[in-house]
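K.L.:
Sending over a structure as structure tokens; questions will come in a sec.
Chains as they are written, first to last, in my numbering: chain L, 9 to 202; chain G, 111 to 232.
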């Protein structure tokens, strides 16, 4: 099957690299409509995740997800800590009973929504998780599509999260959380997790 | 005292400053704070919030926060703690001050709730 300890570790490693590489870009996106720390916070989080995986050497996909969740919750600092932490916590629970990627990601999405109370169209990371899972279900997920989904948040007006304070002024800017989630899904494809 | 207060802010000085202000009217109400991230930056910390819950001697805790992500960390901590925590989506300074003054006067939780209702802003 498509998901195992090795490609999940590879996935997280590629994700960490991508976040660190694009740290300034993520913070710039966040400066436009938020508090400007998304890149720094996420980079700190993924760096700690890499350290924790190195130290504790979890042996199963479930344990890898769980350690990732706990580390992100305690180390990220901004809103993305509890949100990505909840995503990986949801994935942890479902990975105990299945290795079906759609089910696992759906459970991650459910926990993000439980934590952040956002729905589609509010200019948040939800606006990429929903179409990615849909495309994956139909066997049509590509890196190109993922980028398009992230770009599409540009036209939305933020009604959740820090950007919502800006109201109409948030239109015209890409959501930084959607971009970091795009990196998560792009690197998932690159690592061959399916 | 049965009722205690936890203040969660993105900035340590805001949490400490509000505690100082509130203590003026509520010398005997236990107040603990969770301000800033673990490394002293701007943000909130799940671990600091857990610690603020644990270090507060009250069994019932009223929790006040400043901005959205503080609420998410608070809710996660509430799921983990054994204590009874009540979270208020109210204007932080005004409602924390009001609740503390009422708790100091021995007012019951229901009555505190009622008085905080008009201060709901989020």
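Backbone N, C-alpha and C fix where the C-beta goes; we use that ideal spot for every residue, glycine too.
Treat the numbers as computed from the prediction; the structure is a model and nothing was measured.
Roughly how many whole angstroms lie between the Cα atoms of residue 233 (chain G) and residue 210 (chain G)?
P.N.:
Because chain G in this structure spans residues 111 to 232, residue 233 (chain G) falls outside the shown range and cannot be described.
K.L.:
Which residues of chain G have a Cβ atom closer than 7 angstroms to the Cβ of residue 81 (chain L), listed in chain order?
P.N.:
156 and 186
K.L.:
On the three-state DSSP scale, how would you describe residue 151 (chain L)?
P.N.:
helix
K.L.:
Return the residue from the list L:187, L:201 and L:183 that minimises the CA-CA distance to residue 40 (chain L).
P.N.:
L:183
K.L.:
List in chain order: all unbroken alpha helix (DSSP H) runs of 4+ residues lying wholly within the segment 100 to 155 of chain L.
P.N.:
109 to 124 and 134 to 145
K.L.:
From which residue to which residue does the alpha helix (DSSP H) around residue 79 (chain L) run?
P.N.:
Counting along the chain, the alpha helix (DSSP H) containing residue 79 (chain L) begins and ends at 69 to 83.
K.L.:
Quick one: residues in its chain with C-beta nearer than 6 angstroms to the C-beta of residue 148 (chain G), no 5 flanking neighbours on either side, listed in chain order?
P.N.:
155
K.L.:
Let me check understanding here. Comparing Cα to Cα, which of L:73, L:51 and L:50 lies closest to residue 61 (chain L)?
P.N.:
L:73
K.L.:
Count the other CB atoms within 10 Å of the CB of residue 90 (chain L); is the residue buried (16 or more) or exposed (fewer)?
P.N.:
Counting Cβ neighbours within 10 Å, residue 90 (chain L) comes out buried, since at least 16 surround it.
K.L.:
As an exercise, report each continuous beta strand (DSSP E) stretch of at least 3 residues that is fully enclosed by the segment 169 to 209 of chain G, in chain order.
P.N.:
170 to 175 and 194 to 198
K.L.:
Show which residues of chain G have a CB atom less than 9 angstroms away from the CB atom of residue 160 (chain L).
P.N.:
Residues of chain G passing the Cβ test: none, with the nearest at roughly 23 angstroms.
K.L.:
In angstroms, rounded to a whole number, what distance separates the CA positions of residue 116 (chain G) and residue 96 (chain L)?
P.N.:
28 angstroms
K.L.:
Could you give the C-beta distance for residue 122 (chain G) and residue 145 (chain G), rounded to a whole number, given that I count them as a contact under 8 angstroms?
P.N.:
4 angstroms
K.L.:
With 16 other CB atoms within 10 Å as the buried threshold, where does residue 200 (chain G) fall?
P.N.:
buried
K.L.:
Along the alpha helix (DSSP H) that carries residue 7 (chain L), what are the first and last residues, could you check?
P.N.:
In the structure as shown, chain L begins at 9 and stops at 202. Residue 7 (chain L) is therefore absent and cannot be evaluated.
K.L.:
CA-CA distance, residue 198 (chain G) and residue 230 (chain G)?
P.N.:
8 angstroms
K.L.:
Please state if the CB of residue 136 (chain L) and the CB of residue 94 (chain L) are separated by a distance shorter than 8 angstroms.
P.N.:
no
K.L.:
Compare the C-beta of residue 191 (chain G) against all C-beta atoms of chain L and say whether one is closer than 8 angstroms.
P.N.:
So no, residue 191 (chain G) is outside the interface.
K.L.:
For residue 119 (chain G), does the three-state DSSP call read helix, strand or coil?
P.N.:
Residue state, collapsed to three classes: strand.
K.L.:
If we ignore side chains and look at the alpha-carbon of each, how far apart do residue 117 (chain L) and residue 168 (chain L) end up?
P.N.:
16 angstroms
K.L.:
Can you look up residue 230 (chain G) in the DSSP assignment and give me helix, strand or coil?
P.N.:
strand
K.L.:
Does any residue of chain G bring its CB to less than 8 angstroms from the CB of residue 91 (chain L)?
P.N.:
Closer than 8 angstroms: yes.
K.L.:
With the cut-off set at 8 angstroms, would you say residue 170 (chain L) and residue 43 (chain L) are in Cβ contact?
P.N.:
yes
K.L.:
Across the segment 146 to 155 of chain L and the segment 126 to 135 of chain L, are there enough close Cβ pairs to call them in contact, namely three or more that are closer than 8 angstroms?
P.N.:
Between the segment 146 to 155 of chain L and the segment 126 to 135 of chain L there are fewer than three C-beta pairs closer than 8 angstroms, too few to call the two in contact.
K.L.:
Counting only beta-carbon atoms, is residue 87 (chain L) nearer than 8 angstroms to chain G?
P.N.:
Chain G contact via Cβ: present.
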